[in-house]
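Each residue of the sequence shown is one higher than the last, beginning at 104 in my numbering.
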Amino acid sequence: METTITILGIESSCDDTAAAVVQSDRAILSSVIVGQEDLHADFGGVVPEIAARAHAERLDICAEQALEQAGLTLADIDAIAVTAGPGLIGGVMSGVMFAKGLAVGSGKPIIGVNHLAGHALTPRLTDGLAFPYLMLLVSGGHCQFLAVESADTFHRLGGTIDDAPGEAFDKTARILGLGYPGGPLVEVEAKTGDPKRFKFPRPLLDRAGCDMSFSGLKTALRRASDAIVAEKSGLTNQDRADLCAGFQAAVADVLAEKSRRAMVEFTARFGTTTIAVAGGVAANDTIRSSLEQAAQSLNFGFLAPPLKLCTDNAAMIAWAGIERFRAGSFDDLSLAARPRWPLDSTAKPMLGSGKKGAKA
Ligand code: KG4
Ligand code: ZN
Numbered sequence: 104m105e106t107t108i109t110i111l112g113i114e115s116s117c118d119d120t121a122a123a124v125v126q127s128d129r130a131i132l133s134s135v136i137v138g139q140e141d142l143h144a145d146f147g148g149v150v151p152e153i154a155a156r157a158h159a160e161r162l163d164i165c166a167e168q169a170l171e172q173a174g175l176t177l178a179d180i181d182a183i184a185v186t187a188g189p190g191l192i193g194g195v196m197s198g199v200m201f202a203k204g205l206a207v208g209s210g211k212p213i214i215g216v217n218h219l220a221g222h223a224l225t226p227r228l229t230d231g232l233a234f235p236y237l238m239l240l241v242s243g244g245h246c247q248f249l250a251v252e253s254a255d256t257f258h259r260l261g262g263t264i265d266d267a268p269g270e271a272f273d274k275t276a277r278i279l280g281l282g283y284p285g286g287p288l289v290e291v292e293a294k295t296g297d298p299k300r301f302k303f304p305r306p307l308l309d310r311a312g313c314d315m316s317f318s319g320l321k322t323a324l325r326r327a328s329d330a331i332v333a334e335k336s337g338l339t340n341q342d343r344a345d346l347c348a349g350f351q352a353a354v355a356d357v358l359a360e361k362s363r364r365a366m367v368e369f370t371a372r373f374g375t376t377t378i379a380v381a382g383g384v385a386a387n388d389t390i391r392s393s394l395e396q397a398a399q400s401l402n403f404g405f406l407a408p409p410l411k412l413c414t415d416n417a418a419m420i421a422w423a424g425i426e427r428f429r430a431g432s433f434d435d436l437s438l439a440a441r442p443r444w445p446l447d448s449t450a451k452p453m454l455g456s457g458k459k460g461a462k463a
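Written as structure tokens, this is what we have:
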């Protein structure tokens, strides 16, 4: 039997500063997340410099709290796992420098984790899911289908060629003056809206494969909103709700149809039938249920980790560190922060650049 490995995970690649202690028996001893929404709300999106400074100020407090809540000290930890990319480079650097300091001070090994691998391996932490499985990562910075074959073998089956859906939700909220982060606010508006009033496009559905595009959808929404404002010199509450419902339905349709294609391709190549989702957009009820229906229609199992492990957190980074620890794969103090770090280096590069910087 394997001796229990205990890892301290650190995450700071976007707008959440997080630290967690996780063990190889899948026990999450602590998971501390300090958000920065208040700091970025006035700007309607994450401001990289503000984010980096806030991470630098908060990382030590988060790590201290994570250890304290776990009832452990650094001496009890087997290694420190830290997000080394992809993400906003200032934030990633804050985390990597902090983790190096801890590693030097404690003499513990350091493991640089790919943030996307953290998301993609989460179903193994939450449910012990066996390889291979299909993963849809759908958040403010990422949108891709991954065949997860092992802890370090990922095949990208497709992804967005421009905006990530969460980014499109955030921009929609900004256009409609709803606030930030936009996803949950758009979802609330959509509940009282008519999804059929506006005919928004379903981009790339006519193209084979599972690549997606969401930036045209946001432009279509802006045009529809501008047209109403020009005609009636303002939006009513119902207009806003209908615009949100139409937009959300279009995103849900695209994600569901592309997921169906990804499932067909995945099962033909890898033979298993489970799709897991992660990322903030998976919190959306309409989107989640259309993905679930798509899975059911193809006899796929559907797995969505609890929301606090779907969105950015450090428990997933600690877990990815455990998988690397088991493989005996460590880094040293030359570990570098990487703004771009595709999980599948053989896939063609993604286009576009979003709030997390260049898409991985
Ligand atoms: O995974 P996450 O916390 O951070 C990363 O982007 O990595 O995802 C945040 C994104 C934001 O763009 C937010 O607007 C979106 O997820 N989001 C939602 C919902 N909740 C969060 N989008 C649609 N519906 C929601 N309920
Ligand atoms: Zn993320």
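Glycine is no exception: its CB is placed at the ideal position from the N, C-alpha and C atoms.
Predicted, not measured: the structure shown is a model, and the values here were computed from it.
- Secondary structure remark: continuous alpha helix (DSSP H) runs of at least 4 residues inside the stretch 132–190, in chain order: 140–143, 151–173.
- Around G312, the same chain offers G261 as residues with beta carbons nearer than 6 Å, after the five sequence neighbours per side are excluded.
- Excluding residues up to 5 positions away in sequence, H258, R259 lie with their Cβ nearer than 8 Å to the Cβ of A450 in the same chain.
- Looking at the backbone, the Cα of R443 and that of G221 are separated by about 15 Å.
- Between the alpha carbons of K299 and T375 lies a gap of roughly 36 Å.
- With 16 or more other CB atoms across the displayed protein chains lying within 10 angstroms of its CB, Q247 is buried.
- S362 counts as buried, since at least 16 other C-beta atoms from the protein chains shown sit within 10 angstroms of its C-beta.
- Annotation: S316 to P306 spans about 6 Å, alpha carbon to alpha carbon.
- Within the chosen limit of 6 Å, ligand 2 reaches the beta carbon of S242 through at least one heavy atom.
- By DSSP's assignment, S253 forms a beta bridge with T256.
- Around A344, the same chain offers E292, T295, G296 as residues with beta carbons nearer than 6 Å, after the five sequence neighbours per side are excluded.
- G337 is positioned such that its CB atom lies no closer than 7 Å to that of S242.
- For F405, the enclosing beta strand (DSSP E) begins and ends at 404–406.
- For V380, the uninterrupted beta strand (DSSP E) segment begins and ends at 377–381.
- By the CB criterion at 7 Å, H143 and V149 fall inside the cutoff.
- Across the set P268, A348, A206, the C-alpha of A206 shows the shortest separation from the C-alpha of D435.
- Of all C-beta pairs linking the stretch 408–428 to the stretch 124–137, three or more are shorter than 8 Å, placing the two stretches in contact.
- Counting along the chain, no alpha helix (DSSP H) covers A121; the unbroken beta strand (DSSP E) around it starts and ends at 119–126.
- When DSSP states are grouped into helix, strand and coil, D435 belongs to the coil group.
- Relative to E360, the option among K335, S393, T377 whose CA is nearest is S393.
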